[in-house]
Amino acid sequence: MSYSLAELMVCAASRVFDRDGEVLATGIGLLPRLAASLAMRTTNPDMMMTDSQSFVLSSPNPVSGLASHEGQANENWMGFARIFDNVWSGARHALVGPSQIDRFGQTNISALGGTYQQPKVQLLGMRGFPGNSISHANSFFVPQHSTRVFVAGECDVVCSIGYNPERLPRGYRLEDIDIRSVITNLCVMDFLGDNHQMRVVSLHPGVSLDEVRDNTGFDVAVVDGLAETSAPTAEQLELIAELDPGNARAKQIKGNPPGRREAVEESA
Amino acid sequence: MDKLVSASDALSVIKDGMTIGIGGWGPRRKPMALVRELLRTDVKDLTVIAYGGADVGLLCAAGKVRKVIFAFVSLDFMPLEPAFRKAREAGDIEVMEIDEGMMLLGLRAAAWGCPFIPTRIGLGTDLLSHAPDIALVESPYDEKEWVAMPALKPDVALLHVTAADRRGVCEIASPDHYMDDWFARAADHTIVSTDNIVDTDHYANPDVARRVYWERNCTQAVVHMPGGAHPSSNDPLYGFDVAHYKKYGELIADGGYQAWAEAFLGASENDYQSAVGGLDAIQALPKPVY
């Protein structure tokens, strides 16, 4: 059975919500949202999701081809102010795509380079990252695994708290921080290495450990019994097609490559 | 009390150096007609507090802003607001960059007359390194350090709603009223523009009365501005204008604020609406789907 890299990543990312139970899952961006929707339809039916606007739904909306919000499966009103009530309770898991991630799991979506007064590139701003990171579980989705994302030093602007002992607030332990998984176009990782080191958990079909290492700006640990990322099942692929009838997922990863490479390439 | 006034009369309270809170969120239900009227004045050195979109971008591009208090400035489908980005990359403006939820806490503190609200938000991040005005405090109840989010008090708030009566009772029929209620409660003086002016008995329907999120004594001026949120949305009346935002992005990139102003701003809201295709075209913009 053939499947795309985007579909493989969506299936892998959906598994980050497996053990969450009744939490509000927020996937920012089309593939993360599709991953959360798939989780709600498969491994975690107790999960909660919104319409990306102001209602919690009892069943997720499709991520493409929706003509109107009329008739969607509203469960409760959930305006943005009320989202924060939920965020600060801790009952949320966000799957987001930072521009930079460092070895501590700190991230950046604010600005790149230059000085803070005059950045070389202004990005979005910190948005909800500071509050999310100290309040609830967070996972990261990286469409292009590279040393530009996984930076050698600290992030240019640290927007979210990570496992950095130097920045740990008084009265907190590193265990109070909850960074779960990182899904990239090459592999799945977590932060369960020694001292919360980022750790490769599975490699996508045809990807070598060297390729991951060459494209990461810091040392990564490797799980015992390193496996291949599970291929999507027929049921998952059917649900993905139902949740994304417009096939918007095909436009998310450059060139929409297949999930299983033809042959193992030499690492660069 | 009749609070219905013209945009220029309403905005005459805004003086150089004031702090202005602007409601809405990104490209949604922004009081853009009021912002445009502000662009036609000589006011400068403003501090702007907003969940920012083109409101923040235009005020920065026009050189009216000394400082922006923000968590993001974005048009959603265009993630990076072009004019704000340009102003930041030129090093033109002072910023206080905070978390989205922190802004809500700052407005609440101002509304409640508290100097600060304690929160965990910002701990361990550069938010604190880059915002020296935000202090850490000890708790009398635990051993942790807490961020003391200071009150964010606008001198004037600018908001846009679905309907208002002449006494300042405001209805927001959109799916979300965002933090507009907290801007209204926090500000010394709140100016509301509205698509519709209604009689007070409009609110006798309890479903409508539930869409009133702050009391009329929080609203000091009402301005009748049909289509006044354009190019942002005022769901359910009209959606945001994707084509216009793209044009705006091109003009800002190529010719800066002057290019946009010459093409669209005009001397009045009537001029502006003619330049963007008229009120009927605005009201026909399809509702956003996410």
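In order, the protein sequence lines correspond to chains W and F.
Everything in the first sequence is counted per our numbering, starting at 616 for the first residue and increasing by one.
Everything in the second sequence is counted per our numbering, starting at -3 for the first residue and increasing by one.
All C-beta atoms in this analysis are idealised placements derived from N, C-alpha and C, irrespective of residue type, glycine included.
Residue from the options whose Cα sits closest to the Cα of residue i
| i | options | result |
| --- | --- | --- |
| W:Asp859 | W:Ser652, W:Gly642, W:Phe632 | W:Ser652 |
| W:Arg782 | F:Thr121, F:Arg62, F:Arg162 | F:Thr121 |
| W:Met693 | F:Ile113, F:Thr43, F:Val52, F:Tyr174 | F:Tyr174 |
| W:Ala696 | F:Leu100, F:Ser70, F:Arg207, F:Ile18 | F:Leu100 |
| W:Ile643 | W:Ser754, W:Gly705, W:Lys735, W:Phe699 | W:Ser754 |
| F:Ile94 | F:Phe112, F:Leu103, F:Leu123 | F:Leu123 |
| W:Arg660 | W:Leu646, W:Pro677, W:Pro758, W:Ala640 | A small correction: the amino acid at residue 660 of chain W is Pro; Arg does not occupy that position in the sequence shown. Nearest option by C-alpha distance: W:Ala640. |
| F:Arg181 | F:Ile117, F:Gly102, F:Arg162 | F:Gly102 |
| W:Ile749 | W:Gly705, W:Leu620, W:Asp666, W:Thr848 | W:Gly705 |
| W:Asp805 | W:Leu646, W:Gly777, W:Ile698 | W:Gly777 |
| W:Asp666 | W:Ile792, W:Arg648, W:Val711 | W:Arg648 |
| F:Ser70 | F:Trp210, F:Lys140, F:Glu85, F:Gly22 | F:Gly22 |
| W:Glu843 | W:Asn830, W:Leu854, W:Ala863, W:Arg875 | W:Arg875 |
| W:Leu574 | W:Asp633, W:Ala709, W:Pro784, W:Val678 | Past the edges of chain W, shown from 616 to 883, lies residue 574 of chain W, and the structure says nothing about it. |
| F:Phe112 | F:Asp129, F:Ser125, F:Glu96 | F:Asp129 |
CA-to-CA distance, residue j to residue i, given in whole angstroms
| i | j | result |
| --- | --- | --- |
| F:Asp195 | F:Val272 | 30 angstroms |
| W:Ala654 | F:Gly274 | 45 angstroms |
| W:Ala865 | W:Phe744 | 28 angstroms |
| F:Cys110 | F:Leu281 | 42 angstroms |
| F:Lys(-1) | W:Leu727 | 46 angstroms |
| W:Val702 | F:Phe80 | 28 angstroms |
| F:Ala83 | W:Tyr731 | 13 angstroms |
| F:Ser288 | W:Val827 | Any answer about residue 288 of chain F is impossible in this case: the structure gives chain F only from -3 up to 286. |
| W:Ile716 | W:Cys774 | 10 angstroms |
| W:Ala688 | F:Arg206 | 22 angstroms |
| W:Glu881 | W:Leu818 | Per-residue confidence for W:Glu881 stands at a pLDDT of 45, beneath the threshold of 50, marking its modelled position as unreliable; the derived number appears in the next sentence. Near 15 angstroms, if we compare the C-alpha coordinates of W:Leu818 and W:Glu881. |
| F:Ala225 | W:Ser823 | 52 angstroms |
| W:Ser617 | W:Gln812 | 34 angstroms |
| W:Arg707 | W:Ala752 | 7 angstroms |
| W:Ala878 | W:Gln759 | Low local confidence applies: a pLDDT of 47 at W:Ala878 is under 50, so the model's placement there is unreliable, with the coordinate-based value given in what follows. Going by the C-alpha atoms only, they are around 20 angstroms apart. |
| F:Pro75 | F:Met(-3) | 42 angstroms |
| F:Gln269 | F:Ala257 | 13 angstroms |
| F:Val157 | F:Ile168 | 5 angstroms |
| F:Gly87 | F:Val64 | 12 angstroms |
| F:Ala3 | W:Val772 | 40 angstroms |
| F:Asp176 | F:Arg25 | 10 angstroms |
| F:Phe260 | F:Asp267 | 8 angstroms |
| W:Ala883 | F:Ala58 | With a pLDDT of only 40 at W:Ala883, under 50, the local geometry of the prediction cannot be trusted, and the value read off the model is given with reservation. Approximately 48 angstroms between the Cα atoms of the pair. |
| W:Gly720 | W:Ser761 | 15 angstroms |
| W:Val816 | W:Pro734 | 35 angstroms |
| W:Ala709 | F:Ile278 | 35 angstroms |
Proximal residues of chain W, C-beta to C-beta of residue i below 7 angstroms
| i | result |
| --- | --- |
| F:Arg84 | Pro734, Gln737 |
| F:Tyr244 | Those within 7 angstroms of F:Tyr244 in chain W number zero; the least Cβ separation is about 17 angstroms. |
Where residue i meets chain F, residues with beta-carbon distance less than 7 angstroms
| i | result |
| --- | --- |
| W:Leu672 | In chain order: nothing, as chain F lies at least about 12 angstroms away. |
| W:Arg785 | Lys140, Glu141 |
| W:Pro745 | Asp95, Ile117, Gly118, Thr121, Leu123 |
| W:Ile798 | Here the premise fails: no neighbours, minimum Cβ distance about 21 angstroms. |
| W:Leu681 | Val285 |
| W:Ser725 | Glu93 |
Neighbouring residues, chain W, relative to residue i (Cβ below 9 angstroms)
| i | result |
| --- | --- |
| F:Pro171 | Asp666, Gln668, Ser669, Phe670, His684, Trp692, Gly694 |
| F:Ala255 | Here the premise fails: no neighbours, minimum Cβ distance about 20 angstroms. |
| F:Arg62 | Here the premise fails: no neighbours, minimum Cβ distance about 13 angstroms. |
| F:Trp21 | Phe695 |
Where residue i meets chain W, residues with beta-carbon distance less than 8 angstroms
| i | result |
| --- | --- |
| F:Leu76 | Gln737, Leu738, Leu739 |
| F:Ala271 | Going along chain W, no residue has its Cβ under 8 angstroms from F:Ala271, so there is no contact; the nearest lies around 28 angstroms. |
Contact list for residue i against chain F, beta-carbon separation under 8 angstroms
| i | result |
| --- | --- |
| W:Cys774 | Thr121, Asp122, Leu123 |
| W:Val702 | Gly97 |
| W:Ile868 | Within 8 angstroms Cβ-Cβ: nothing; W:Ile868 doesn't reach chain F, min ~18 angstroms. |
Terminal residues of the alpha helix (DSSP H) in which residue i lies
| i | result |
| --- | --- |
| F:Ala277 | 275 to 279 |
| F:Phe80 | 78 to 85 |
| F:Phe179 | 176 to 182 |
| W:Arg864 | Here W:Arg864 belongs to no alpha helix (DSSP H), and DSSP marks it neither H nor E. |
| F:Leu101 | 96 to 108 |
Where residue i meets chain F, residues with beta-carbon distance less than 9 angstroms
| i | result |
| --- | --- |
| W:Arg718 | Those do not exist, as W:Arg718 stays about 15 angstroms from chain F at its closest Cβ, beyond 9 angstroms. |
Range of the contiguous beta strand (DSSP E) that encloses residue i
| i | result |
| --- | --- |
| W:Leu710 | 707 to 711 |
| W:Asp771 | No beta strand (DSSP E) holds W:Asp771; DSSP gives it neither H nor E. |
| W:Asn753 | 752 to 757 |
| F:Glu134 | 131 to 134 |
| F:His156 | 152 to 160 |
May I ask you to verify whether the segment 825 to 841 of chain W touches the segment 757 to 771 of chain W, counting CB pairs closer than 8 angstroms and requiring at least 3?
-> yes
Are there three or more Cβ pairs, one per stretch, closer than 8 angstroms when the segment 251 to 258 of chain F is compared with the segment 43 to 52 of chain F?
-> no
Using 8 angstroms as the Cβ pair cut-off and three pairs as the minimum, do the segment 136 to 147 of chain F and the segment 193 to 210 of chain F touch?
-> no
Take every Cβ of the segment 12 to 26 of chain F, pair it with every Cβ of the segment 152 to 159 of chain F, and state whether three or more of those distances are shorter than 8 angstroms.
-> yes
Should the segment 221 to 233 of chain F be regarded as contacting the segment 177 to 192 of chain F, the criterion being three or more beta carbon pairs within less than 8 angstroms?
-> yes
At least 3 beta-carbon pairs within less than 8 angstroms: the segment 735 to 752 of chain W vs the segment 669 to 682 of chain W = no
Below 8 angstroms, can you find three or more Cβ-Cβ pairs linking the segment 32 to 42 of chain F to the segment 235 to 245 of chain F?
-> no
Using 8 angstroms as the Cβ pair cut-off and three pairs as the minimum, do the segment 622 to 634 of chain W and the segment 794 to 812 of chain W touch?
-> yes
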